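Enquirer: One structure follows; several queries about it will come next.
Number of protein chains: 4
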Amino acid sequence: MFFASDNSGPVHPEVLEALTEANMGYAMGYGADAQMEAVRHRLRDIFEAPEAAIYLVATGTAANSLALATLSQPFQTIFCSPVAHIHEDECNAPEFYTGGAKLTLVPGGDKMSAEALRQSIAGEEVRGVHGPQRGPVSITQVTERGSVYTTDELSALCAVAKDYDLPVHLDGARFTNALVSLKCSPADMTWKAGIDVVSFGGTKNGLMGVEAVIFFDPKHAWEFELRRKRGAHLFSKHRYLSAQMLAYLRDDLWLSSAQAANDSCAFLADGLQAAGATLEMPQANMVFAALPRATHQRLLDAGAVYHLWDGPLNGPEDEMVTARFVCDWSISRDEITAFLNLL
Amino acid sequence: MFFASDNSGPVHPEVLEALTEANMGYAMGYGADAQMEAVRHRLRDIFEAPEAAIYLVATGTAANSLALATLSQPFQTIFCSPVAHIHEDECNAPEFYTGGAKLTLVPGGDKMSAEALRQSIAGEEVRGVHGPQRGPVSITQVTERGSVYTTDELSALCAVAKDYDLPVHLDGARFTNALVSLKCSPADMTWKAGIDVVSFGGTKNGLMGVEAVIFFDPKHAWEFELRRKRGAHLFSKHRYLSAQMLAYLRDDLWLSSAQAANDSCAFLADGLQAAGATLEMPQANMVFAALPRATHQRLLDAGAVYHLWDGPLNGPEDEMVTARFVCDWSISRDEITAFLNLL
Amino acid sequence: MFFASDNSGPVHPEVLEALTEANMGYAMGYGADAQMEAVRHRLRDIFEAPEAAIYLVATGTAANSLALATLSQPFQTIFCSPVAHIHEDECNAPEFYTGGAKLTLVPGGDKMSAEALRQSIAGEEVRGVHGPQRGPVSITQVTERGSVYTTDELSALCAVAKDYDLPVHLDGARFTNALVSLKCSPADMTWKAGIDVVSFGGTKNGLMGVEAVIFFDPKHAWEFELRRKRGAHLFSKHRYLSAQMLAYLRDDLWLSSAQAANDSCAFLADGLQAAGATLEMPQANMVFAALPRATHQRLLDAGAVYHLWDGPLNGPEDEMVTARFVCDWSISRDEITAFLNLL
Amino acid sequence: MFFASDNSGPVHPEVLEALTEANMGYAMGYGADAQMEAVRHRLRDIFEAPEAAIYLVATGTAANSLALATLSQPFQTIFCSPVAHIHEDECNAPEFYTGGAKLTLVPGGDKMSAEALRQSIAGEEVRGVHGPQRGPVSITQVTERGSVYTTDELSALCAVAKDYDLPVHLDGARFTNALVSLKCSPADMTWKAGIDVVSFGGTKNGLMGVEAVIFFDPKHAWEFELRRKRGAHLFSKHRYLSAQMLAYLRDDLWLSSAQAANDSCAFLADGLQAAGATLEMPQANMVFAALPRATHQRLLDAGAVYHLWDGPLNGPEDEMVTARFVCDWSISRDEITAFLNLL
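Chains as they are written, first to last, in the UniProt record's numbering: chain P, 1 to 343; chain L, 1 to 343; chain D, 1 to 343; chain H, 1 to 343.
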């Protein structure tokens, strides 16, 4: 009954097998391994982007921070949602990697609207050399609150950015959960909508610790490599990152794992709703559901693991408190059913 | 016949097995896994340092840069050898992580002498606010040229640093190769000699990508945690780092692997010398041997892999050219013998 | 009819004279001049702070950025108003000098309320190593909208900061305008209220380009000196900064200049109001007044210089548009009267 | 008898007068003053560079650090002399402003030779993404040891840089002292030799605190403006910087002041030599002369002010100790004669 995070579950067995297969003899280090060449080809095919520059790192924070540092200058500001992971949960890593750029929080909820983005960008107009300069836009897909931008919404945001000649980054820590939710192609959800760079997450979807960074225009490729090395994120035994990503992309493991997580979350949400919880039906693998405090207390005491979101555990017993429930690829129907039965 | 680097070999099978064992169910992320608790206990025992603060990262560059950033201020200078990895091979990662500290290169060879270190430190005295301020001393053990500092030499260097109240960092990417060479205890080679912080390498000795950073005085512990997170080096699925390190420390795998590498290198060096190469007998798992250029050409053409060190492959055929040969834990006597036969 | 800014007016003649007086023979550079010793004594007396560490720099941005960098760590966040100069008008200088700290904007207007500050600080509680850590609070006095915090308000803000053990910085670019408005002592407005460090402005009040940074607790003194040098803000011919500050503090020139500016602004505001403008009476030397767009057009065409604040110059003629009017020490009643006559 | 530094002397009276003249009414701030427009025209004429982008800052460290930050990337290394001011005397300001670039010290003395520079640049070739990347070359003219590069020497260094497509910066803190020594044109000593950016010093030659940064190719202009603002080096009351520089360039004051300083130094050197000192005749306004320690003791006791360079004041009385003597524009023959009489 573990719904605390999709980065606490196990690695998919096929990924572990791939590590064992990769563990033969010597291999060139630092990204010059043969598996990385295969990763590049596979991702270029999947994204219909034959020119894309593609790199692997081991954490999502590294993927986001290095991508943004490559796209921005230290005297610029990055536009993002007030609840963006890059703002709230990376201990100033973007500020560190960019050399001191700012983050401008576009007013609104977890999803930025094109209009709010336009106003925020326009608002940086008046100060000339005194204000920070406009820098990249960073969009989180799936958002930190479980929403999924439609391709039309992504296109509208990118169009605003393009009006100001700003590059767009997609934080896709849960890229595939959004993709299978939208039932569109990777190209549709990225460069066809106007995205320039993607953090293509794997860790939350069954890998041990691998994320790809994809630049659709390779002009920044060498700079990214230098920033990755300087950031201490270039692995000597790089083949073990490549092998994970290859296994992920083989036989649609990435898609089936994300589909499984999303389906589990829908099943869970149905059950929660049936049990009286207040919620919006999940778009991906995360649901926010309000239950009476006493119910939370009982569930947590019984061994369920998840985070309360808008209130502490102590307080009036019948007050509704929202909690976040996340399903990963590995959770079984039995486990969810056990939880719902408890509920 | 692969002697190019000890970070290109395979992962030890016991380490891979440990990953599979660790791959059960859910685990708290970000270093709160149970395995990490075991790692901490084990390393504190091994180092006879019950108070030590211990962290894992995935690359040696991260271990060194984060350790040095925690020990220094951006207006200071770090004292190291002119051939130190932190100076030559990390694309300014120490400068990045420290926020712009300088590296002062202590004149001499790969091993710093206490006298040269003292002169370098003293030399920063005269400039007051204008010069960089004195910061930590960083010692590489095994050095980049294969030498091993004796514990007396380490003590002498640390004594100089202590005279100026400067902390000392040990870059131990090949810590265990030095340890088994010296036949001393980990405590002897570190805090008993005066070392404050160690980068305790695992990747070059059979791990997939794990290094420990050990602070003998835990006062910097929380700052290090923040710097690690901000540097994007805190792993969500941290248990897979812990599991590697636990396997490494179990049944003396770390010691036997390093011994195997050193023994292989001694065997190789004997053979090279017998074949007419000019060399100094290796102290750890690395030997620099001079052979005629034509011989290198023949060996490389036949499939041997290693780096020429002081000259290009084209030039007078009978000129002696030095090459670097590194043995990792996995290389077999058969393979070395095949190479020597070729020679 | 120049009301655009108080940093565009002339230098007070007594200050220029002091430069001429200081221009005799040789003087020790880099802050070791005799005048600086006098500045230190004078400011310690004025602030009733015999232990204070005191430094001079040439720009307000330098004073603020260096002070905040000395008080904070790169993994922290600085709490300030959404319209703070350090956020809006310094092109990421605080982010640069702190090595990538964040600025947390306390919701509300130009003046932070103690309650809003407490909520913002408390809000950074939950994320552990993932969120930025709590850093200094920075208060702007006079605010960017012309308000003046009372000493009670300052004390309340500082009390919140102290509850969380956070240091407090006062951006006093218009320190003296606030002081003469409050009719309190410099000590009352600073350390007695709980302020730890002050940027004590001179440039906007008749100096050529000098601000003092005052640390009431001198523990950070040497670090500040190193940061100032490293930031390229240590002047070789420092005596000319000292001489300006000395002249400023002699014969209460600082107080009379600020009083003159405030009085001019009150006179202007009276006239604006009499002419039908909508405004709040100024607390210091800045007034925001709404007039019909057509009136602005006429005044600006006639040579008045000031900034429109909440709308462009083109638009409906009778729409009310707010403008900012700032008075410096030098503006004459005649000039203001000429402007009011025009109006 | 003050020979300690050329930045401790007074400001030229004509410069002070210019400040008084500039002190009339209001002026646009932040570099938009009319005087700055005149400075730009004048310097473009003087340098025969009609396209040059020109900026003023108040310290030499700011000029150098901002220029180098604009020319380099944080993953690069800057090539300079081991005794360069940017390495020894700026408390890591270049490292700070560049975001953590490295400085590579070209072996040799105060003057870099083209051959040594070529070897240093070539030496950074082999490490690919692991080593720092090649960045700008920075040349100090006059050097920190008083030497002056000929235009041929400058051209040879720039030719090496151009072979590797690297930009060249000239640290001209004593630009005019070198210029009048070489009797060449400013264009000859800069862009005609291949220099891309100049720190054109004024402070050491009679200004209060102004240096110009001149980019012969204006492509970096806007970036420099942003870096200057972000570095807190953009002055609100900028006209007072402009006025100083205008006075400096008017009626050849810059040239006559430098000539006076150089002539004084030659006169001093003659006298020192006649009195038995060992020295090389100065090329600009600085001479290094060895005298017996007892003589130094006597001179310093009698009130002469200068720095011993290669030894402390205590030691064998008859040992020769080198001292540095610097003459500024203001020193009189009488004062030098008094010193020589004492000697």
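The beta carbon of each residue, even a glycine, is placed where N, CA and C say it ideally should be. A quick note: this is a predicted structure, and the numbers were derived from the prediction, not measured.
Beta carbon of H/G9, beta carbon of H/A173: below 8 angstroms?
Expert: no
Enquirer: Report the residue ranges of all beta strand (DSSP E) runs contained in full by the stretch 7-87 of chain D; include only those spanning at least 3 residues, in chain order.
Expert: 53-57, 76-80
Enquirer: Using only the alpha-carbon positions, how far apart do P/L71 and P/P136 sit?
Expert: 7 angstroms
Enquirer: Give, in chain order, every residue of the stretch 62-93 of chain P whose Cβ lies closer than 7 angstroms to some Cβ of chain H.
Expert: Of all residues in the stretch 62-93 of chain P, those with a C-beta nearer than 7 angstroms to a C-beta of chain H are P74, F75, reading in chain order.
Enquirer: Kindly indicate if chain H contains any beta-carbon less than 8 angstroms away from that of P/H233.
Expert: no
Enquirer: For chain D, check one thing: does any of its Cβ atoms lie closer than 8 angstroms to the Cβ of L/R230?
Expert: Taking Cβ atoms only, chain D reaches closer than 8 angstroms to L/R230, which makes this a yes.
Enquirer: For a cutoff of 8 angstroms on Cβ pairs, would you count D/A212 as touching chain H?
Expert: no
Enquirer: When the Cβ atoms of the stretch 98-118 of chain H are set against those of the stretch 177-192 of chain H, are three or more pairs found closer than 8 angstroms?
Expert: no
Enquirer: Would you mind telling me which residues of chain L sit closer than 8 angstroms to H/P136, beta carbon to beta carbon, in chain order?
Expert: Ordered by position in chain L, no residue passes the 8 angstroms Cβ test against H/P136, which lies about 15 angstroms from the chain.
Enquirer: Using beta-carbon positions only, say whether D/V57 and D/M245 come within less than 8 angstroms of one another.
Expert: no
Enquirer: Helix, strand or coil for residue 377 of chain H per DSSP?
Expert: Because chain H here runs from 1 to 343, residue 377 of chain H falls outside it and cannot be looked at.
Enquirer: What do you get for D/Q119, buried or exposed, if any count of 16 or more other CB atoms within 10 angstroms of its CB means buried?
Expert: exposed
Enquirer: Run through DSSP, which three-state label would L/A159 get?
Expert: Under the three-state reduction of DSSP output, L/A159 falls in the helix class.
Enquirer: Based on Cα-Cα distance, which residue from P/P13, P/T295, P/I195 lies nearest to P/G276?
Expert: P/T295
Enquirer: Compare the beta carbon distance of residue 350 of chain P and P/M281 with 8 angstroms and say whether it is the shorter of the two.
Expert: Because chain P is modelled from 1 through 343, residue 350 of chain P falls outside the range shown and cannot be assessed.
Enquirer: Check the C-beta distance from H/A232 over to D/A93 and give it rounded, since I have them as a contact under 8 angstroms.
Expert: With a Cβ gap of about 5 angstroms, H/A232 and D/A93 count as contacting.
Enquirer: Anything in chain H within Cβ reach of L/A101, meaning under 8 angstroms, just list it in chain order.
Expert: Those within 8 angstroms of L/A101 in chain H are N92, E95.
Enquirer: Cβ of L/T203 less than 8 angstroms from any chain P Cβ?
Expert: yes
Enquirer: Which of the three DSSP states, helix, strand or coil, is assigned to P/G201?
Expert: strand
Enquirer: For D/N7 and D/Y164, what's the separation of their Cα atoms in angstroms?
Expert: Each residue's alpha carbon lies about 36 angstroms from the other.
Enquirer: Please determine, among P/L241, P/E335, P/L291, the residue with the shortest C-alpha to C-alpha distance to P/G303.
Expert: P/E335
Enquirer: Measuring only the C-alpha atoms, how far is H/C265 from H/C327?
Expert: About 6 angstroms.
Enquirer: Are there three or more Cβ pairs, one per stretch, closer than 8 angstroms when the stretch 234-252 of chain L is compared with the stretch 30-44 of chain L?
Expert: yes
Enquirer: Could you check where the alpha helix (DSSP H) with L/H296 kicks off and where it finishes?
Expert: 293-301
Enquirer: Taking 8 angstroms as the CB-CB cut-off, is P/V11 touching chain L?
Expert: yes
Enquirer: Taking buried to mean at least 16 other C-beta atoms within 10 Å of its own C-beta, is H/P132 buried or exposed?
Expert: buried
Enquirer: What do you reckon, are the CB atoms on P/A4 and P/H220 nearer than 8 angstroms?
Expert: For P/A4 and P/H220, no; Cβs fall outside 8 angstroms.
Enquirer: Which partner residues does L/E211 have in the DSSP bridge list?
Expert: L/V57, L/G201
Enquirer: Please work out which residues of its chain come closer than 8 angstroms, Cβ to Cβ, to D/E124, disregarding the five sequence neighbours upstream and downstream, and give them in chain order.
Expert: T77, T104, G131, P132, Q133, R134
Enquirer: So which of H/A269, H/N262, H/L241 has the shortest CA-CA distance to H/G31?
Expert: H/L241
Enquirer: Would you check if the distance between the CB atom of D/Q259 and the CB atom of D/V180 is smaller than 8 angstroms?
Expert: yes
Enquirer: Identify every run of the beta strand (DSSP E) within the stretch 92-157 of chain D, keeping only runs that are complete inside it and at least 3 residues long; order them along the chain.
Expert: 102-105, 133-140
Enquirer: For chain L, is any of its Cβ atoms less than 8 angstroms away from the one on P/A27?
Expert: yes
Enquirer: What residues from chain H crowd round P/L56, counting only those whose CB sits closer than 9 angstroms?
Expert: None at all; the shortest Cβ gap to chain H is about 14 angstroms.
Enquirer: From the beta carbon of D/M208, is the nearest beta carbon of chain H less than 8 angstroms away?
Expert: Yes, its Cβ sits closer than 8 angstroms to a Cβ of chain H.
Enquirer: Of all the residues that make up the stretch 106-133 of chain P, which are near chain H by a beta-carbon distance shorter than 8 angstroms?
Expert: The residues in question are V129, H130, Q133.
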